[in-house]
Every structure is written in C-alpha cells, then in structure tokens.
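One line per chain: the protein sequences are A, B, C and D, in this order. Every position in the first sequence, counted from 1, becomes a number in the working numbering once 1320 is added. Every position in the second sequence, counted from 1, becomes a number in the working numbering once 1320 is added. Every position in the third sequence, counted from 1, becomes a number in the working numbering once 1320 is added. Every position in the fourth sequence, counted from 1, becomes a number in the working numbering once 1320 is added. Here is the structure we will look at.
Number of protein chains: 4
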Amino acid sequence: MLVVMRDHASAEDIQHVVDLLQEAGAEAHLSRGEVKTIIGVIGDREVIYTLDFEGLPGVERVVRVLKPFKLVSRDFQREDTVITVGGSSIGGGAFAVIAGPCSIESEEQMMATAHAVKAAGATMLRGGAYKPRSSPYAFQGMGVEGLKLLRAAGDAVGLPVVTEVLDVRDAETVAGYADILQVGARNMQNFMMLDELGTMDRPVLLKRGLSATIEELLSAAEYVLKGGNRDVILCERGIRTFETYTRNTLDLGAVSALKWLTHLPVIADPSHASGRRDLVAPMSRASVAAGADGLMIEVHPEPERARCDGPQSLTPADFSALMADLGPRIALEDKWLGAGE
Amino acid sequence: MLVVMRDHASAEDIQHVVDLLQEAGAEAHLSRGEVKTIIGVIGDREVIYTLDFEGLPGVERVVRVLKPFKLVSRDFQREDTVITVGGSSIGGGAFAVIAGPCSIESEEQMMATAHAVKAAGATMLRGGAYKPRSSPYAFQGMGVEGLKLLRAAGDAVGLPVVTEVLDVRDAETVAGYADILQVGARNMQNFMMLDELGTMDRPVLLKRGLSATIEELLSAAEYVLKGGNRDVILCERGIRTFETYTRNTLDLGAVSALKWLTHLPVIADPSHASGRRDLVAPMSRASVAAGADGLMIEVHPEPERARCDGPQSLTPADFSALMADLGPRIALEDKWLGAGE
Amino acid sequence: MLVVMRDHASAEDIQHVVDLLQEAGAEAHLSRGEVKTIIGVIGDREVIYTLDFEGLPGVERVVRVLKPFKLVSRDFQREDTVITVGGSSIGGGAFAVIAGPCSIESEEQMMATAHAVKAAGATMLRGGAYKPRSSPYAFQGMGVEGLKLLRAAGDAVGLPVVTEVLDVRDAETVAGYADILQVGARNMQNFMMLDELGTMDRPVLLKRGLSATIEELLSAAEYVLKGGNRDVILCERGIRTFETYTRNTLDLGAVSALKWLTHLPVIADPSHASGRRDLVAPMSRASVAAGADGLMIEVHPEPERARCDGPQSLTPADFSALMADLGPRIALEDKWLGAGE
Amino acid sequence: MLVVMRDHASAEDIQHVVDLLQEAGAEAHLSRGEVKTIIGVIGDREVIYTLDFEGLPGVERVVRVLKPFKLVSRDFQREDTVITVGGSSIGGGAFAVIAGPCSIESEEQMMATAHAVKAAGATMLRGGAYKPRSSPYAFQGMGVEGLKLLRAAGDAVGLPVVTEVLDVRDAETVAGYADILQVGARNMQNFMMLDELGTMDRPVLLKRGLSATIEELLSAAEYVLKGGNRDVILCERGIRTFETYTRNTLDLGAVSALKWLTHLPVIADPSHASGRRDLVAPMSRASVAAGADGLMIEVHPEPERARCDGPQSLTPADFSALMADLGPRIALEDKWLGAGE
C-alpha cells in the first residue's frame, strides 16, 4: 500500500500516518520529494486490509498494490486448474459447452432438450429450478420437482448437470441433484453463500455480477477457495452499461484478462449477455477466439413458448449448427471438447 | 404490452403472434400502419409477465407499458406510508436521521457513538454486525456479539436500531435485536431474502443495488409488500458509474423520481455514495432539498481507527455541526425530525 | 508518478525503467520492499506527461500523483473566480440563473421568454442558434438569424446572453452577438475549439461531457486558461449511466467536489440532466444545496410546441414559482442573485 | 411513434395530443384499452422528429418506432458497401488491417513502421499528426509535417494512409495527404465536421464515441451519407464503463449488431479498447470471429519510447506474429486480406 500525501503535507500529518501504521503493526517507508512525500506500507495482507487512510489529514490518495486475492491468482498456481465431473472436463485445454433451457418447465421439455444438446455435442446440461426474477409476478421456477427432472434428463443422456443455488438454505438440497452449483450474477457478492459453497465438495460456477469488476469477481472466487473448495469456474455473462440494444455488454476483454490473472477456468454466456438470438452465434465464436474455456448457451425446444428468456434461446437445430461451426474454432485454439470417452 | 412488428412484416408473422397471445389467454388489438403493424396486448399482469415475444419472426421490439410492480406504486396508495418504531417515525413529513458506525467494534465505541448521535439529534442508531466485504481477508464483523452491543447502546439512549441482515438464515436472530432490518445493496435482488422479510413483522430498509434501476428497486420492494410486510424504506446509496473520484455516484434524481412513483419513504446515504468525508455534508444538504425523507450517516468516535469505512465517517463533532446545519433545511421542506419527545 | 513493479521484478527490468527515466530527463527514487519495488519519478510536469511505462517488462502499474491540470486548481488560486458580464455576476457568492429556450425559434418566442424570465429574476438569458442533434433529420437551429433574435431579446430586457458555439469556424461570429460562449457536452473534448476560445475575450461556459470524469472536465478547462482566457464556468449537466428513467444522471457529488478542486464557478443544468419537467424543480433545489454557483434552466412559452426539449422545459409560470422557491435557499447558502441593480 | 397515455387518462388529455398531432400534420390512430389508451402516430420522418410529447398532461411515455437513420440501414441497401482506396479494399469480404503508430514522431519512425507492417501484411498505414489529448501538457502531434511523413511512408511501401481530422478547418489540408479521413471518438458527434466530410470525396473512418449508443453511431454516419459521401467505415474502439482493468470495454456485440443493421464496413480497434499490449492479440482474434471487416492496430518500432500510447503498441515482431495467426482466422470467416496484388 502506498499513502500519497498532499503537496507540501506537514511534518505532523506525515508523522501521524506513520504512528497509525506502527500502532497497527505495519512498517512505513518514506520517500520524500520536494513537493510530495509518499509512504510505502509493508506488512501482512490481513493487516494491510484493515487499514484505510483515505481522508486522514494531509493524505491525498491511498494506492493499494497488493491484490485482494491470492489463492485464485496465477502467481500462486501457474498451471491451469482442470475440473472433471461425470466424465466431462473443463480447463487445461478441455472446452465445455453447457447447454439447456433457462428454466426447467416439464419432463418433456427437459428430455427433448437433453437429447438434442447431447446429440449436438454439448458436454454438460443446464436448467434452472429456482429463477431469480426482477418482478415477483414472473415465473419463479419449479423448485425441487425441477431438480429431479434435470437430474433424470442428465442421467438419461449421460451428461453432468449444472443448476443455480438461489438460496443458501437450499445448497445441500441442490447438491443432492446437481454436479456443479451455479451462483448467479445477482448473488456474486452474497458472501455467506460463497462461504457455504467453499465448504462443499461440488464445483462452483460463479457468474460475474452485472456491475462487478474483474478484481471483485476474483475476490468472490477467493471466498470459495479460502473455504477449501478449489474448483471454481468463472463466467463472464455481460455487464451493465449505457447501451440498450443488447441486454448487457459482453466483456470479452475480461475473459482474456482473467486467463492471464487466474488459473481457474473461464467461460462466457453469450445468451444472457446479448439477450438476442441473432447475436448468440457470433458472440460464441468471439468467446472461443478470446480464449474462453467454455460456453453456456440457452437452448429450448420451443423458444416462443419458453417461460423465461425465450428471445435469446436457440432451437435445437440452431444449436446443432452452431456446434458444427465451433468445432474447427475450438481446435484452432489447441483445445478440444471436454466430453467423456 | 405492445409488440412492434418490423417494417412490412408478413401476414403470417403477425398472425403467429396473435395465435400465441390467444393460446396464453391474452387479447390482441392490431393497429396497422402503412409500414408498421403494432399489436396491443391486454390481459392479466401475471399472464403478461410470462410472455416474451422479442426475437419472434417479424417482431422488432416489445414495449412493456404495465409496470412490474403494483403495491408500492403511488397509483395504488396515494398517501405517504409512515413507519414508526421505538418512538421514531419516518415518512409523511417525519424526517429520519440514522447515524452510527459502519461496523460495531466494541462496547465503548457503540456507547460513545450512541450518546453522541442522540445528543446531536439523530432519530435512529445504526451499526453493522455482519459486514459484506469484497475481500475475504477484510474484517467481517462481530456477529451476534455485535447485535447485543447495538441493542444495548440503542436502549441506553432511547433510539431504535437498524442493522443489516447479511444471511437469510440469520433473519430471525437479527430481528431479535433490531427494530429495522437492513438489506444491503449487494442483496437487493436476493429474492429469497426479500420473500423471507416479507413474512416478518419488522420494517425493512432496502438499499438500491449498485447497478439497479429505479424500476428494479421498486420491484424488489414489491417482493416484500407482496409477502404481507407493508413497511419498507427505500435507500439511494450511490450507483456505479465510470466516475472514480467519488466511490459511487449519488443519484438524487432517483430520490425525487421515487417520491413521485411510490408512497414508501425514501432516504439517502451520502456516506457510502461519496466515500469521502468532505462530501458528506454537502450531499446531506442536497438530499434534503431533493425531497428525501431521511439520511443514513456514518459516525465514528475515531474514524482513523475504524475497521471499516473510516475515510467517509464523520466524527461526533462533525456530525453535530451537520445536524445544526440541517435543522432549518428540513423545516424549509415542511418536514420535522421524526424523533419521539 | 510512481512505477509499481511486479512482485519479484528482476534487477534488469528495474534498471531498464531507471535508464528510460534518465534518458527522458527525470529522476528515479527507488523503494525496495521484500516483494515489491516501487520507483518514484520526479521531474517537470511536461516531461512526466510524455512518459508512459505501463506495459514495460516487469511493470505492474503506473500511478500518476500529479494532476493533469494546474491553472484551474484551487492550489494555484485560492479565492473564487468571479465573472461579470453585462451587469450580471457569477462566483464568489453571486448566484446565476441562466434561463431561456433550448432553441431560438422566432422573435415572438424569444421576446416573450426574455420578458418572462427577467421578471421572474433570471440573471442571464440563454437560447440555442446552432443545435447539436443526434439525428440529421431533427431541427438544427436558426443560425445567425437566431443569434440576432437572442441579442435583441437580451438587450430589450437588459440581460447578458449565453449561446453555444457548435463549430469553431463560427466562434468569432457568435462572439459578435453573445456575452458568454457555451461549449456543449459533445464538444467538451474538442480541443481545437478549446484552444480557439482560450485566445478570445469572452467567458466560456463549459459543459461536462456525457462520459467525462471530473478530472477530464478540469483538464478541458485548463486548455482554455492555458490559452490566456481565465473566465470559465463549469457546468454539470448529467452523465450517462445505465439508468433510463431520467435522460442522464445529475452528478451533484461532482458539483461539490469541483468546488473543492477549483476556483472556477460551477453550475448545474437540471433540465438536460433529468429530461423531465417534474424533476427540474427538486433538482434545482438540490443543486443550490450542493453548493452550485448557478443554474441553467430551460423555459419556453409553449413547451408542447417547442422544436427541441419541450418535455423538460418549464412554462414561464412554473419558472416564476421556482424562482420564488429558490430565493431563501440561495440566501441560506450565503449567496445572492448575481444580477445588476 | 407511439404515445402511451397514463392509466385512465382523461378524454381532454387524449384529445389534446390528437390536436397537437393534427396541427403538426401527422395522423393519430387510437387504441383504447380498459386502462390504457395508446396513440399511434403516422407521418413523415422529418415531421415525427420534431414532435416530442413526453411530459404533456396525461402522457406516460413516448415510444419511437422509426429509427433516426435511413441511408446507412441494411433495409435501405441490402448488399455490403465495399470501399477501395489506393489498391486496398474493405467490405464485402475484403478484410482491412490498418496498422501504424499512435502518433507520427519522425521520418525514421514512420519509414521503419511502414516497411514492417507492409511486410507483415497490413493493408493500410495509420499515424496521427494531430493528437487529441486530455491534458494540454501532453504531446499534441507534429501537424502538417507529420502528414507529409505519413504520405511519404505510405507511398514508399505502397499502402494507402489513414489519419485523423481533429479540426474541421484542417479537413481540406488533411485530405491533401490522406486517403481516408478518420473522425476520432471525441468528435463522433461533432456534427459540423460530419457535415463537412459529407461533402468531400474521401472515405471517412468514424470511431464510436466513448459513451455513444449503436443507434447514435449510425445516426452520426447518416450525417455523412446525407451529405452525399457514401463511403463510411464504422469503428468500435471500446466504450466507457465502470471497469478499470482495461482502459475501455471492447463491445464486440456492437460489431455483430452493426453487421445486421448496416451495409457499411465495421472494424474494431483492440489497441485503444484495451490499452494493454497483452490483450491486443486475443481481442484481434475475437474481433475477426465476431464478424469485423477489419482491424486497426497500433505498431511502434520502440513502444517504450513512443510519445503516445506506448503501453498498447505492438512491436513489429509482435505484429508480424499476430498477422500470421490471423490469416487462417480471416479465411475461416470467408474473408480475405483486402490488399492490392
């Protein structure tokens, strides 16, 4: 941490900062320029994180040079984390395609979707049983009945299943049916849930919050790893900006940046990011080229009758065409579909 | 809902939309221009909210004209909601000043703060026992011990207390100590928590999410009211924008807009919005003038030793001066401090 | 400037930065921690601003501690700048109310508006002769004919006039009719125009760009002052965010922050910021309380027939009521209407 | 245009809107629901664009269904616009790579860069003679001397040259040296410059403003086409968001969306968008996959001594490696480098 003092800060103001640092158990290193004095702070990460000197007399700015995360960092672990569930892998070159409907609506819908996406080459099956909806008047999901349908469909076609934990009280229940536990964008900083998932033995798929920075996403993942669970998949799903043509703005620069910063697998969700069916295919292609380790794509047998996110859902035929198109692109990145046998 | 068809949409595409509407139990009213056909949709709110025709063949755009909330609307209830707890009121002219430290740290700190803010004219006491922190390495709060200290301090000076529920599993516990349950910005769309609080008999202080629209904030409040709990206080606490000089951007236009749109009390939190002590006073003044029904202000006996948000905390002396300054301003708005006698 | 090296950066990488600094004529001061080395850079502002070491081998981050502006800073000039034109003043306690229509449309419209706003207490008259419109199919303004109508209306009622320079080639022409030259939000970083206005003897009203930071606004003003023209008025007019209920988000924290950072007068434009008539009055009140030195308010005799910005324009009656309401609020800030007697 | 009336709007309020429409020469079509009345408006684009009924008594919302542009639309011209200058093409499958330094600094620098990028396969040469800089203390470019060096370097290696027009007064001068005239992000809504370039016979490379929507970018291009100049290249160069890890956020969804909406060529500028050398290659790959018709990439023989944008500039060796990598990717999109033989 650096404490940048105001121009010509007084000797007392400088000494005051130094005293507070010593009181907290950190070391101060002074660089005095003619106009500015800068105080370098050295000490334990935990100590440094409790110090906050912005606003002290004579202090102009505090610059944090230590990152707020450690375990997720590529400095901490150089080689890619590879996660394998139910015969499917992600990371280290294995590319995951997680496909399925926004919400689980019926056995017919889930079975039809599962068979279709499996046939097209998907490596995991998704579906929501608990749906976070802005309005309390919108469809809220089927709950446990949905979880059972999802599990049955995954088993029928031999794909591991991914679904969202919306309520920390349901985490154990969901873990009884799902192979990977998803944390939605609105819960990315639900730290109690992250703590809970950190103690469980299921991989976590952590979606970036609508206005979360890259550093905040990594810090959220750090909560899970700190709890002991090393298997986290990060998902860029669009951020909220001023642009309204697309539902959100897919930040593919974040995908590439995350691949430098962390050893965890990083995927993209072009369906939620764009909110428009016509952009799902080009954004899938761009995600692969940006270095993503996987994709999450909404597929529905009848998008126009979907109870959620119909406008961005692909038909099975669209999805099949997209998978054919993606094949050579994944190979061009020296990756391969992370499917079983 | 209006379905705007593309220029020269085909008769089949139009009929297809009409058929889907009828299948769902809604009525279609067609307006045919030379270039564009627009389909007006009439039906129950619940039905309309399950329909999503963006992306259908021939559809250019869907415009929702019904708001996603009802109970919170001023159309539904014209007169202001007034909430009274422990002798303090907010709404309908009663102005609340909720003051106290970011985090509860010790008995001395809480007692000193409680006496100071009471003496200066605060109408409620705040303090965090569970702290949402971006980094798992930062101070996370004292938990139940903190709740006890807060309750004791409030009782000692005769002020009702407000504190955050960070985990839905703690809601009952927190309600055992607090008069008002706060939902933090990061949990504004934690719908399971909103559902839970909707069944409880404690007023809820709901903070706007960092990237939540005004409409989403009202929809989140609708969850609580729909559950039966009519006492919700809305809090503007700054939104996330590109500007980095202030921690967030206080959106006072939202305060004024909310006063038109809803009967619920609306307060502002200039401490979190600006993240800078030097802006707390001017932003407090501006919030009063914008029509807020109250303020939430961080006060700490020794901001430079605070374990959280020190840079934006006022000293008791600063707070006392601010309260003196705000008095005539509150009166100018035909409001009064909502304190018991 | 501080150059923060990566953890355990090599001696060569550090030496390389030091060599480049010496080559450029700047001094390097090294602080070596166990993990991190930080290089403090000392030298002329002009030299420092040509250096950019982000991306060099071993460099993690560059932190600029010198601000990119000087003449506009309160460190450079402590006392408020006061600007007086045609008997009206702004700054140092003098509060300006600049009122008039978005666009000049006819002699009748301008004369009616001028008389009405003068009678209500406005201190300056505004009106646009050249209109920046997103679409080439929208009304683009009356040009020189409009300037003549504005000048005549101002003279008739004894108010100085403010109008926008849209094209640098028209600057001299506009200066022939106007007392204050406005630079619109879209031209805030039109540096050639700023350079030109810096050589002229007319005060400049500089609007903040839709996505300009506070620092960029001050740097834009620095261009004008550097050219020799010391009379610049800064105007917060709303920034672009994700919120769509209001046209833009009025950033009153920026108004307060600017009052700390610069000696130049700072005004707010609640009409453009909100885009809604019902928010103009509360946002005007809030701007006064936030410390603004003036307001810019759109007034039109018949808003529903306005060729531009009708929805946010006040009627003369609305404006008169607002001025009556603002009087005691301006006094409460120890300010006074900066009108001639 | 649709005028959505408030719930239970009065008959007078509805009639008032209808009267204003008739007065303006537009037609009103009423749809009366039980709760809401909606008024469809039919008339000339020019007429409709002067009407603005937001804020009228009883009006809840105005929805514009006509786009504010026409000539740039794919509805107006189905086939891709192809632009050819100096033997290089862009559009209709021809892919452009526009490479060179941020600023022109010397003859040696330009010649070295020109030879290097030509050898690597670039199809056009770029370089800035007039630099828009946030601070007046930063390097502002070499001016006409720079233009001459750029022209000479382009001629020496047989590449057309692209450079920015910063001041409308210099447009003719710049056109004397350059093949394509660039409009920078800060000038995207400098409508007077767009008007001027609309009358000239040089293609225009129009960069998206930092906070411009897709629709505003297309409307800006419409200004140029309306003036008679049909050759406009659109450039996505990153938008301003809350994320600070990258300088801006590259919006590749906009690239794909623009390809649906317009017949004009669309390119991406990964250098400015990311501001980081390590992201230029992955973002270039992603841009190709998203459907871009070209790339604009900063190359400097000695990035660490560049007077502008060094941190994001590639070395000639980096650029050469990137071009080799992009070759098969461009072919995969059924495109080819648009270079002369």
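Glycine is no exception: its CB is placed at the ideal position from the N, C-alpha and C atoms. These numbers come from a predicted model, not from an experiment.
Rounded to the nearest whole angstrom, the CA to CA distance from R1550 of chain C to P1523 of chain C is 8 Å. Annotation: the stretch 1528-1582 of chain D contains the following complete segments of the beta strand (DSSP E) (minimum length 3 residues), in chain order: 1552-1556. For A1601 of chain B, the uninterrupted alpha helix (DSSP H) run begins and ends at 1597-1610, by DSSP. Neighbourhood of F1511 of chain A in chain D, by CB distance below 7 Å: empty, with the nearest CB roughly 20 Å away. Approximately 6 Å separates the beta-carbon atoms of I1410 of chain B and I1553 of chain B; this is inside 8 Å, confirming the contact.
The Cβ atoms of I1559 of chain D and T1566 of chain D lie no closer than 7 Å to each other. In this model, F1373 of chain B and C1422 of chain D are separated by some 46 Å (Cα to Cα). Taking a C-beta distance under 7 Å as the contact criterion, D1400 of chain B and G1412 of chain B qualify as a contact pair. With a threshold of 16 other beta carbon atoms within 10 Å, S1426 of chain B falls short and is exposed. For T1404 of chain C, the closest Cβ of chain B is not nearer than 7 Å.
The stretch 1436-1446 of chain A makes no contact with the stretch 1514-1534 of chain B; the number of CB pairs closer than 8 Å stays below 3. Ranked by how close their Cα comes to the Cα of H1592 of chain C, the residues C:P1631, C:D1613, C:A1577 have C:P1631 in first place.
Excluding sequence positions up to five before and after L1445 of chain C, its CB lies within less than 6 Å of the CB of G1420, A1434, G1474, L1479, V1481, all in the same chain and listed in chain order. Contact check for V1437 of chain D and F1639 of chain D: beta-carbon distance about 6 Å, within the 8 Å limit, so the pair qualifies. Between A1588 of chain A and the set A:Y1457, A:R1597, A:G1573, the nearest pair of CA atoms involves A:G1573. Listed along chain D are R1453, S1455, Y1457, A1458, F1459, each with a C-beta nearer than 9 Å to that of Y1369 of chain C. Judged by DSSP secondary structure, Q1342 of chain D falls outside any beta strand (DSSP E) and instead within the alpha helix (DSSP H) spanning 1331-1344.
With the criterion set as a beta carbon lying under 7 Å from some beta carbon of chain C, the members of the stretch 1505-1532 of chain D are R1506, N1507, Q1509, N1510, F1511, M1512, L1530, S1531, in sequence order. DSSP places E1399 of chain A in the coil class of the three-state scheme, outside both helix and strand. In this structure, DSSP gives V1355 of chain A a state outside helix and strand, which the three-state scheme calls coil. In the DSSP secondary-structure assignment, I1650 of chain C is not bridged to any residue. Between P1602 of chain D and A1601 of chain A a beta carbon distance of about 20 Å is seen, past the 8 Å cut, so the two are scored as non-contacting. When secondary structure is reduced to three states using DSSP, Q1460 of chain C falls in the coil class, being assigned neither helix nor strand. A1606 of chain A counts as buried, since at least 16 other C-beta atoms from the protein chains shown sit within 10 angstroms of its C-beta. Per DSSP, T1519 of chain A lies in no beta strand (DSSP E) segment and is marked neither H nor E.
For F1562 of chain D, the residues of chain A that pass the 8 Å Cβ criterion are S1531, T1533, I1559, in the order they occur in the chain. Under the 7 Å criterion on CB atoms, L1554 of chain D is classed as non-interfacial with respect to chain A. E1624 of chain C is a Cβ neighbour of L1376 of chain D, given a cutoff of 7 Å.
The beta carbon of R1627 of chain D falls within 7 Å of a beta carbon belonging to chain C, placing the residue at that interface.
In the three-state reduction of the DSSP assignment, E1374 of chain B falls in the coil class, being assigned neither a helical nor a strand state. For V1405 of chain D against D1490 of chain D, the beta-carbon gap comes to about 20 Å, at or over 8 Å, which does not count as contact.
The continuous stretches of alpha helix (DSSP H) do not include M1325 of chain C, which lies in the beta strand (DSSP E) extending over residues 1322-1325. Scanning its chain for C-beta atoms nearer than 7 Å, with the 5 sequence neighbours on each side dropped, one finds around T1561 of chain C the residues T1569, in chain order. Within the DSSP bridge table, the entry for A1436 of chain A names no partner. Within its own chain, the residues whose Cβ lies closer than 8 Å to the Cβ of G1548 of chain D, once the five positions on either side in sequence are excluded, are G1518, T1519, listed in chain order. At a cut-off of 7 Å between beta carbons, G1375 of chain A contacts chain B.
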